[in-house]
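Trainee: Take a look at the following structure, please.
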Amino acid sequence: MDVNSSYLLSLTTFVYLGAAAIYLVYWIFRLEKVGILGTIITIGGFLLETAGIILRWMESYKLGYGHAPLSNLYESLVFFSWVTILVYLVIEFKTKNRVIGAFATPFACLAIAYASFSPNVEDSIQPLIPALQSNWLLAHVITCFLGYASFAVACGLGIMYLIRGDKVKSGNYLLDALPTRRVIDDLMHQTIIFGFLWLTVGIITGAVWANQAWGTYWSWDPKETWSLITWFVYATALHARFVRGWAGKKIAYLSIIGFISVIFTYFGVNFLLSGLHSYGSS
Amino acid sequence: MKSNKSSQDGNIVIRFFSSVRLAIFLFIVLAITSIIGTILPQGESLQFYLENYGPFWFKVIRTLHLYDTYHAWWYLSLMALFSVNLIVCTIKRLPYTLRLFRKDGLNLSKEDVLRRPFKNSWLVPQRTNPVDIKKELKGLFYEMAGKGRSKNVDGGELHFIEKGKWNYWGVYLIHVSVLVIFAGAIIGSFMGFKGRVMLLEGEITDHAIKTDAHGNIKKIPLGFQVKCEKFVVNFYPNGAPKLFKSDLVILNNGKEVLKKSILVNDPLTYQGVTFYQSSYQSVPDVKIKVVSSDGMQKIVHLSAFRDRETWKEKGLLIGMMKFLPKVHGAPAVRLYIGDIGGRDGDAIWLLSGHEREEKFGDLNLKLSLLEAQERYMTGLQVKKDPGVFVVWLGCFMMVAGFAIVFWVGHNRFWLWLGEDGKKLNVILAGQTNKNKVHFEKEFKKLSHEIQKRIGEA
């Protein structure tokens, strides 16, 4: 088979699937070597995906279009999975806890699997229409997806928080392998602030771009509005810490609701509502 | 945001407007109500809502202004309440934060130091020279944690190091930035305008057109003139558009002052007014020669926007009804010929290269199509928004605020060295307002080093 970027990227799906499975095995049997294997496979998949993205970039030049692979749904899904793995690897490196991998890698795997195998997602390289011919495309997409990926990881942490339970030693073999609630909560808060920062920058770069292309920095287009709704959800999560009785569980729920809102901003708007961003659905 | 129970909290109004609960309530309400405008089509005619949603929902939509949700009175009120909440919160927190900011970390007793969230205490038998070990521990403390100050406290020496004290202002920067963005938006909506200009190649205008919600057309004078010299559209082989380009010239008092080719992402700005490439149309433009039997003749120039012309001497009205760019390889135009009074009229086809005779009333006319072409008309979005820089300033403040909140923490370390009977008492304490997990690691490392040094003594 001819090695092209689509082939490399669909191959990455299986590597991430393998990584997710191995992190799961690590969580259950807690064998250090299995955990290391999980990390190696994840890094391998990440490198493979990086190669796929670079190859796709080169292919677009060969076709005479010459643009960064961030211009349609397929490319954004691939980039989403790439950033999710990157954010996760940073967290793994900082916390030295590999169980989180069992909660984070599935998001990356699902995104790239959907991109590679769904008949709804067109994977051919398309030229850029005039509205997309801007340097802001790169800044806007990268910042938005840094936010989205952080929120995916925060959602994984939220789920982890809820199943972890209050007790430091619960006697449950699986649960005790997870970090304590205090640690998860702190990590979740950090991840949400990080994601919130990038979502904000993403909205702002989008506004600057829209102002340059259409003369309006904010036009209440459904995508813009949904990104604002997502922003409100995470603003709630960040302020909830300061209200007695709201910390902990409620924030974990909010990080899950927030990610649902992210998914709707990302897909729902493209498929269900129309607006300036509807080109993203092809 | 942590509520302090001082006397000024007594005012229930201030308490209401300054509460974080109100902020959370507003976030949730704004998130939920914002959904409406993404599901319900916005900006349609009232008739549209009546036909599609029935009389009951029509009433709801009309009363709550749901056809333009984000400018509805209740939505703007929520935004206003949000601003009041932010302002009151900020003002109320200010003295509290100032106290935190001015608080001297050295102004602690030994007992206070022991009450910090992170602490460790050692008792060292004074086998070695106490001055030496003190000096060594101090050196270690400053080497690992940074520059600091010291003071004599409770019979010992207290050393104090802090970093990132100014992070308390990060939250203020974010909160104020929201207000700055709102201010920019308000300035833009009162002092700016938005309109459209449609220009044929070669055409000049001195005003933009604005259509309001009720379909009324308003002319906005620009104060100068804009001319479109040329419009270009290119396509990719797959048919997708590749480039829209208008060559614009700005004229002030008849003098050419600025010339620029604008693209979709590359507008032109003159005197605060910006022209954006937004659409285009192709329109027919024809010239017809009409000769009457008495030898008089007239050239009639018709285009989609000057679609009729009169020939007063003959009482004729000639108009264009339809244009076909190619009929048997040549352009053709369907003309209307009538009298000015509109009592009588005919429609005829005129094909390029074929003269046509036409009897109209008592006139014998010879018509021929001199020129026929399709011309491009560029569609420009015109905008003046003096508030936009205020909005960008707010955005910059917000991002800077987030960066501070995320990356800067107020980290404090204390080292107390004093005598406890015959032994040397060493107390290490720490406190942070951010990322406790990371701080704990740093504290443990420092703790470990001190432990090691004491062990060696």
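Residue numbers (our numbering), protein chains in the order written: chain A, 1 to 282; chain B, 1 to 457.
Each residue gets a CB set at the ideal place from its N, CA and C atoms; glycine is no exception.
Just so you know, these numbers come straight off a predicted model, no measurement behind them.
For the beta strand (DSSP E) holding Y253 (chain A), just list the boundary residues, first then last.
Mentor: It is not in any beta strand (DSSP E) - Y253 (chain A) instead sits in the alpha helix (DSSP H) that spans K249 to I263.
Trainee: Quick one, are the C-beta atoms of K230 (chain B) and I220 (chain B) less than 9 Å apart?
Mentor: no
Trainee: Taking 9 Å as the CB-CB cut-off, is L323 (chain A) touching chain B?
Mentor: This structure gives no information on residue 323 (chain A), because the portion of chain A shown stretches from 1 to 282.
Trainee: Could you give the C-beta distance for G430 (chain B) and F413 (chain B), rounded to a whole number, given that I count them as a contact under 8 Å?
Mentor: Confirmed, about 5 Å.
Trainee: Can you look up N435 (chain B) in the DSSP assignment and give me helix, strand or coil?
Mentor: N435 (chain B) falls in the coil class under three-state DSSP.
Trainee: Nearest by alpha-carbon distance to F93 (chain A): which of A:M58, A:K223, A:F145 and A:G35 is it?
Mentor: Each of A:M58, A:K223, A:F145 and A:G35 was checked against the Cα of F93 (chain A), and the nearest Cα belongs to A:G35.
Trainee: On the DSSP bridge assignment, give the partners of S333 (chain B) in chain order.
Mentor: A small correction: the amino acid at residue 333 (chain B) is Val; Ser does not occupy that position in the sequence shown. V333 (chain B) is bridged to B:F323 and B:L350.
Trainee: Mind pulling the chain C residues with CB within less than 7 Å of L243 (chain B)?
Mentor: In the structure shown, chain C cannot be found, because the protein chains are A and B.
Trainee: For I160 (chain A), list the residues DSSP reports as bridge partners.
Mentor: Checking the displayed sequence, the identity of residue 160 (chain A) turns out to be Met instead of Ile. Among the bridge pairs identified by DSSP, M160 (chain A) is matched with none.
Trainee: Rounded to the nearest angstrom, how far is the Cβ of L73 (chain A) from that of I125 (chain A), given a contact under 8 Å?
Mentor: At roughly 13 Å, the Cβ-Cβ gap does not stay under 8 Å, so L73 (chain A) and I125 (chain A) are not in contact.
Trainee: What number of angstroms, rounded off, separates the C-alpha of Q451 (chain B) from the C-alpha of L428 (chain B)?
Mentor: 10 Å
Trainee: With DSSP as the reference, label Q42 (chain B) as helix, strand or coil.
Mentor: coil
Trainee: What is the DSSP secondary structure of F242 (chain A), reduced to helix, strand or coil?
Mentor: coil
Trainee: For V171 (chain B), list the residues DSSP reports as bridge partners.
Mentor: Note: V171 (chain B) sits in no beta bridge, so no partner.
Trainee: Compare the C-alpha of L238 (chain A) against each of A:W226, A:Y253 and A:T225 and name the closest.
Mentor: Checked all of A:W226, A:Y253 and A:T225; the closest Cα to L238 (chain A) is A:Y253.
Trainee: So which residues on chain A does V405 (chain B) lean against when the C-beta distance must stay under 7 Å?
Mentor: Here the neighbours are I193.
Trainee: Counting contacts by CB-CB distance shorter than 9 Å, is I186 (chain B) in contact with chain A?
Mentor: With a threshold of 9 Å between beta carbons, I186 (chain B) makes no contact with chain A.
Trainee: Residues of chain B with a CB under 7 Å from the CB of F117 (chain A): which are they?
Mentor: The premise fails here: F117 (chain A) is roughly 24 Å from chain B at the closest Cβ pair, so nothing lies under 7 Å.
Trainee: Tell me which same chain residues have a C-beta within less than 6 Å of the C-beta of V84 (chain B), skipping the five on either side of it?
Mentor: F17
Trainee: Over the uninterrupted beta strand (DSSP E) stretch that includes G223 (chain B), give me the two end residues.
Mentor: I217 to F235
Trainee: Which residue marks the beginning of the alpha helix (DSSP H) containing A68 (chain A), and which one marks its end?
Mentor: First-last for A68 (chain A): undefined, no H or E at that position.
Trainee: Is it buried or exposed, W209 (chain A), if we count other Cβ atoms within 10 angstroms and call 16 or more buried?
Mentor: buried
Trainee: Note down the Cα distance separating E371 (chain B) from K227 (chain B), rounded to an integer number of angstroms.
Mentor: One C-alpha to the other measures close to 23 Å.
Trainee: So which residues of chain A does A208 (chain B) contact, with C-beta pairs closer than 7 Å?
Mentor: Result: empty, since nearest Cβ-Cβ is about 11 Å, beyond 7 Å.
Trainee: Cβ of L46 (chain B) within 8 Å of any heavy atom in the ligand PLP?
Mentor: The ligand PLP is not part of this structure, which contains no ligands at all.
Trainee: Answer yes if the stretch 45-57 of chain B comes into contact with the stretch 258-272 of chain A, meaning at least three C-beta pairs across the two stretches below 8 Å, and no otherwise.
Mentor: no
Trainee: When you compare the CB positions of T200 (chain A) and V399 (chain B), do they come within less than 9 Å of one another, or not?
Mentor: Contact check for T200 (chain A) against V399 (chain B) passes: the beta carbons are separated by less than 9 Å.
Trainee: For chain A, is any of its Cβ atoms less than 9 Å away from the one on K2 (chain B)?
Mentor: Annotation note: pLDDT 43 at K2 (chain B) (below 50); position unreliable, coordinate value reported separately. Using a CB distance cut-off of 9 Å, K2 (chain B) counts as an interface residue toward chain A.
Trainee: Can you tell me which residues form a DSSP beta bridge with P267 (chain B)?
Mentor: None, per the DSSP bridge assignment.
Trainee: Which residue from A:T39, A:L178, A:I204 and A:I229 puts its Cα closest to that of W218 (chain A)?
Mentor: Per the Cα distances, A:I204.
Trainee: Can you check DSSP and say which residues form a bridge with E309 (chain B)?
Mentor: B:I318
Trainee: Is there a Cβ from chain B that is less than 9 Å from the Cβ of I229 (chain A)?
Mentor: yes
Trainee: Per DSSP, which residues does P95 (chain B) bridge with? Please list them.
Mentor: In the DSSP secondary-structure assignment, P95 (chain B) is not bridged to any residue.
Trainee: Tell me where the beta strand (DSSP E) around Y280 (chain B) begins and ends.
Mentor: V273 to S292
Trainee: By alpha-carbon positions, which one of B:D346, B:F406 and B:I35 ends up nearest to K223 (chain A)?
Mentor: B:I35
Trainee: Between the stretch 248-268 of chain B and the stretch 125-140 of chain A, do three or more beta carbon pairs fall short of 8 Å?
Mentor: yes
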